[in-house]
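**Q**
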Amino acid sequence: MSIDMAQFHGILFEECLENLDIMKSELESIDLDAFDFEKMMTIYRGAHTIKGGCAMLEFNVVSAYAKEMEHLLGEMRDKTKQTNPDNINVMLESVEFLRAMVVELQNKDANDEAKALAHCTKMQSAIL
191 MSIDMAQFHG ILFEECLENL DIMKSELESI DLDAFDFEKM MTIYRGAHTI
241 KGGCAMLEFN VVSAYAKEME HLLGEMRDKT KQTNPDNINV MLESVEFLRA
291 MVVELQNKDA NDEAKALAHC TKMQSAIL
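Taking our numbering, the leading residue of the sequence shown gets 191, the next gets one more, and so forth.
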């Protein structure tokens, strides 16, 4: 018996959008004068959850992009990358880019892999 994985798409998209809302809210509320490990973990877990859910349902472009976000957020969480206004803005832009990719999937449109790769490269080079 085979399972139709499409039945899980709606749940995944809803979960992704909820996680993106949380990530955005947490990024916008970061206090640059007082590092908050738990806040960074919440943001990191959002990217991690999106990565895993999309990988499970074979939305590989979104999963790969979320994986890179997760990596960079992990470095910010571990303080190997700075938590400064520029890096927070890059992450906020990345949240919105990821949201647009999820909405594309929700609308049954294909993700533009080249565009995602270009944005991912931009994100990687912008984070200090």
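The beta carbon of each residue, even a glycine, is placed where N, CA and C say it ideally should be. As the structure is a computational prediction, the values presented were derived from the model and not from experiment.
Does the Cβ-Cβ distance between Met313 and Leu262 come in under 9 Å?
**A** Taking the first residue of the sequence shown as 1, we reach residue 313 at position 123. Taking the first residue of the sequence shown as 1, we reach residue 262 at position 72. Going by C-beta atoms, Met313 is nearer than 9 Å to Leu262.
**Q** Does the CB of Asp299 have a neighbour CB from chain C at under 9 Å?
**A** Among the protein chains of the structure shown there is no chain C, as only one such chain exists.
**Q** Going by other Cβ atoms of all chains shown within 10 Å of its Cβ, with 16 needed for buried, is Thr270 buried or exposed?
**A** On the sequence shown, position 80 is the one that residue 270 refers to. Exposed, by the Cβ-count rule.
**Q** Whose C-beta lies closer than 7 Å to the C-beta of Phe287 among residues of the same chain, with five residues either side of it excluded?
**A** Taking the first residue of the sequence shown as position 1, residue 287 is located at position 97. So the qualifying residues of the chain are His309.
**Q** What does the alpha-carbon distance come out to for the pair Asp223 and Val280?
**A** Numbered from its first residue, the sequence shown carries residue 223 at position 33. Numbered from its first residue, the sequence shown carries residue 280 at position 90. Rounded to the nearest angstrom, the two C-alpha atoms are 19 Å apart.
**Q** Taking the alpha carbon of Met291 as the point to measure from, which residue in Ile193, Gln197, Leu202, Ala196 has its own alpha carbon closest?
**A** Taking the sequence shown and counting its residues from 1, the one referred to as residue 291 is at position 101. For the residues Ile193, Gln197, Leu202, Ala196, the minimum Cα distance to Met291 belongs to Leu202.
**Q** Could you pull out every residue in the same chain whose Cβ sits closer than 8 Å to the Cβ of Ala300, ignoring the five residues on either side in sequence?
**A** Taking the sequence shown and counting its residues from 1, one reaches residue 300 at position 110. Closer than 8 Å at Cβ, skipping near neighbours: Glu294.
**Q** Ordered along the chain, which non-local residues of its own chain (more than five positions away) have a Cβ less than 6 Å from that of Met259?
**A** Translated into positions along the sequence shown, residue 259 becomes position 69. Result list for Met259: Ala237, Ser284, in chain order.
**Q** Considering just the uninterrupted stretch of the alpha helix (DSSP H) at Gln314, what are its terminal residues?
**A** In the sequence shown, residue 314 corresponds to position 124, counting from 1. Counting along the chain, the alpha helix (DSSP H) containing Gln314 begins and ends at 303-316.
**Q** Taking the continuous alpha helix (DSSP H) assigned at Ala256, which residues delimit it?
**A** On the sequence shown, residue 256 is found 66 positions in, with the first residue counted as 1. 250-267 is the span of the alpha helix (DSSP H), which, as asked, contains Ala256.
**Q** So, for Glu265: in the same chain, excluding its five sequence neighbours on each side, which residues have a beta-carbon less than 7 Å away from its beta-carbon?
**A** Here residue 265 is taken as the residue at index 75 of the sequence shown, counted from 1. Cβ neighbours of Glu265 beyond the five flanking positions: Lys271.
**Q** To the nearest angstrom, report how far apart Gly324 and Arg267 are at their CA atoms.
**A** Outside the shown range of the chain (191 to 318) lies residue 324, about which nothing can therefore be said.
**Q** Give, in chain order, every unbroken run of the alpha helix (DSSP H) that is at least 4 residues long and sits entirely within the segment 192-261.
**A** 199-218, 227-246, all fully within the segment 192-261.
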